[in-house]
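Colleague:
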Amino acid sequence: MSRKWHSVSKACANIALAKYWGKVDVLLNLPAVPSISMTLDGLVTETKLRVDPSLDTDVVELDGRVATPAEAKRVVALLDDIRRRAKRKEFAHVVSANRFPTAAGLASSASGFAALAAAADRGYQLGASERVLSAVARQASASAARSIYGGFVELPAGKPGKKSLAAKPIAPADHWDLRIVVAQAAKGPKKVGSTEGMERSRHTSPFYDAWVEKAPAITKTIRTALKKRDLDTLGAAMEQSTMAFHSCAMTASPGILYWQPATIAALHTVRALRDDRGISVWATMDAGPHVKALCHADDARKVRRALRETPGVLETLVAAPGPGVSVR
Ligand code: DP6
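Be aware that the sequence shown starts at 0, since it is given in numbering that gives the first Met the number 0, and climbs by one per residue.
1) How many angstroms separate the CA atom of Lys86 from the CA atom of Lys158?
2) Taking the alpha-carbon positions, what's the Ser1 to Ser246 distance?
3) Should Ile255 and Ala17 be called a contact, given that it needs their Cβ atoms to be closer than 8 angstroms?
4) Please classify Gly323 as buried or exposed, where buried requires at least 16 neighbouring CB atoms within 10 angstroms.
5) Taking DSSP's pairing of strands, which residues face Arg304 in a bridge?
6) Give me the residue from Ala76, Val326 and Leu115 with the minimum Cα distance to Leu26.
7) Could you compute how far the alpha carbon of Leu225 sits from the alpha carbon of Ala319?
8) Among residues of its own chain, excluding the 5 on either side of Ala259, which ones have a beta-carbon nearer than 8 angstroms to its beta-carbon?
9) Between Ala282, Gln124 and Ala113, which lies nearest to Ala136 when the distance is taken from Cα to Cα?
10) Out of curiosity, what's the CA-to-CA distance linking Ser252 and Lys3?
11) Bridge partners for Asp24 per DSSP, in chain order?
12) Which same chain residues, not among the five before or five after Ala116, have their C-beta less than 6 angstroms away from its C-beta?
13) What do you reckon, are the CB atoms on Pro68 and Pro215 nearer than 8 angstroms?
14) Taking all protein chains shown into account, decide if Gly328 is buried (16 or more other Cβ within 10 angstroms of its Cβ) or exposed.
15) Tell me whether Lys72 is buried or exposed, calling it buried when 16 or more other Cβ atoms sit within 10 Å of its Cβ.
16) Give a yes or no on whether 8 angstroms exceeds the smallest Cβ distance from Leu230 to chain B.
17) Compute every distance between the C-beta of Trp20 and the non-hydrogen atoms of the ligand DP6, then say whether any falls below 7 angstroms.
18) Can you give me the C-alpha to C-alpha distance between Lys47 and Val58, rounded to a whole angstrom?
19) Check whether the Cβ atoms of Leu306 and Val211 lie closer than 8 angstroms to each other.
20) Could you tell me the alpha carbon to alpha carbon distance between Asp55 and Tyr19, rounded to whole angstroms?
21) Among residues of its own chain, excluding the 5 on either side of Ile169, which ones have a beta-carbon nearer than 6 angstroms to its beta-carbon?
22) Enumerate, from N- to C-terminal direction, the unbroken beta strand (DSSP E) stretches of 3 or more residues contained entirely within the segment 221 to 273.
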């Protein structure tokens, strides 16, 4: 049997400027709100895949270890989707590794499932369009739909029962020379995963309906500001989107608090850079404690230095707009 890989793919992580939080359909994994992201250069997941007729089950390795049953289940569901579309039955050996700098402290499901969709598509010789790959990745993890594309990307809200939702690129990576400065605020994995956090927010937060109602207008402001390269408007709306979704999580029952002391300290650093030094820099956080500051490329050094000196911040890194998924 040949040990050759049938495909090797790469996908970058992304950071949401307009946040996705909440689902209209959990089974189909359809987001309740539209979101917009920037794909992040250098924060890459590499996935190798071999279709192997001698296997009687899929074999999944993540970062040099065998995947847990919960991890493998999501991977196998995506492989099943690709096999169904390609009318193939053989199982696959999948080896996936995050080439993230340790400072990232970032979730890898977006880059991971985008890379997996591309590797499986090539491995099973499906030849799907990027749009189909985005829809396949979205089913596994909605933010992964956005990592299929480079630059700036939108994932519209889903409609209940309408299955094939995909992201779409709204501007290429060279549209705007922005940077994300990541301030790592704690070590270790987050305690409440985003899927669980979203569902708990939906069922129990008194703020959830208001968030779902308001999110499209925030996203529209972000889309328009992105097209006009208006960072002050985009940044203010991004912070509102961030605070609104974290408010939903905090006011769920039991409440979910992703922030650590260093999160608050870094938020104050970002505000001080704006208020005292006139730098256009804006903060966002995902379902975790790390602060990601958005600024012009020219300001990234100053922003990074200030965040590095912030009490409790462990490490920092800078990422530029990055490319979409690639496969060979
Ligand atoms: C806070 O895409 O990880 O990072 O679809 O349940 O896998 P699932 O959720 P996921 O959620 C990401 C949530 C977020 C905001 C965002 O990236 O838009």
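Glycine is no exception: its CB is placed at the ideal position from the N, C-alpha and C atoms.
Modeller: Checking against the coordinates, here is how it stands:
1) For this step, residue 86 is matched to residue 87 along the sequence shown. For this step, residue 158 is matched to residue 159 along the sequence shown. Using only the alpha carbons, I get a separation of about 28 angstroms.
2) Numbered from 1 along the sequence shown, position 2 holds the residue referred to as residue 1. Numbered from 1 along the sequence shown, position 247 holds the residue referred to as residue 246. Reliability fails at Ser1, whose pLDDT of 48 lies under 50, so the model's placement of it is uncertain and no value is given.
3) The count along the sequence shown starts at 1 and reaches residue 255 at position 256. The count along the sequence shown starts at 1 and reaches residue 17 at position 18. Contact: no.
4) The residue you call residue 323 lines up with position 324 of the sequence shown. The residue in question, Gly323, is buried, as its Cβ has 16 or more Cβ neighbours within 10 Å.
5) Here residue 304 is taken as the residue at index 305 of the sequence shown, counted from 1. According to DSSP, Arg304 bridges with nothing at all.
6) The residue you call residue 26 lines up with position 27 of the sequence shown. Closest option to Leu26, Cα to Cα, is Ala76.
7) Here residue 225 refers to the residue found at position 226 when the sequence shown is read from its first residue. Here residue 319 refers to the residue found at position 320 when the sequence shown is read from its first residue. The alpha-carbon atoms of Leu225 and Ala319 are separated by roughly 15 angstroms.
8) Taking the first residue of the sequence shown as position 1, residue 259 is located at position 260. It should be noted that the sequence gives Gln, not Ala, for residue 259. Ala184, Ala185, Pro288 and Gly311, listed in sequence order.
9) The count along the sequence shown starts at 1 and reaches residue 136 at position 137. Measuring from the Cα of Ala136, the nearest candidate turns out to be Ala113.
10) Translated into positions along the sequence shown, residue 252 becomes position 253. Translated into positions along the sequence shown, residue 3 becomes position 4. One C-alpha to the other measures close to 50 angstroms.
11) The residue you call residue 24 lines up with position 25 of the sequence shown. Bridge partners of Asp24: Leu29.
12) Translated into the one-based positions of the sequence shown, residue 116 becomes position 117. Answer for Ala116: Leu132, Val135 and Ala136, listed in chain order.
13) Looking up residue 68 in the sequence shown gives position 69. Looking up residue 215 in the sequence shown gives position 216. No.
14) Within the shown structure, residues of the chain are numbered from 0 to 327, placing residue 328 beyond reach of any answer.
15) Walking along the sequence shown from the start, residue 72 turns up at place 73. Exposed, because fewer than 16 other Cβ atoms sit within 10 Å of the Cβ of Lys72.
16) No chain B appears in the structure shown, which is made up of a single protein chain.
17) As a position in the sequence shown, residue 20 is number 21, starting the count at 1. At least one heavy atom of the ligand DP6 is nearer than 7 angstroms to the Cβ of Trp20, so yes.
18) Translated into positions along the sequence shown, residue 47 becomes position 48. Translated into positions along the sequence shown, residue 58 becomes position 59. Cα to Cα, the separation comes out at about 12 angstroms.
19) Position 307 of the sequence shown holds residue 306. Position 212 of the sequence shown holds residue 211. Not closer than 8 angstroms, so no.
20) Taking the sequence shown and counting its residues from 1, one reaches residue 55 at position 56. Taking the sequence shown and counting its residues from 1, one reaches residue 19 at position 20. The alpha-carbon atoms of Asp55 and Tyr19 are separated by roughly 37 angstroms.
21) Against the sequence shown, residue 169 aligns to sequence position 170. Result list for Ile169: Phe151 and Glu153, in chain order.
22) none
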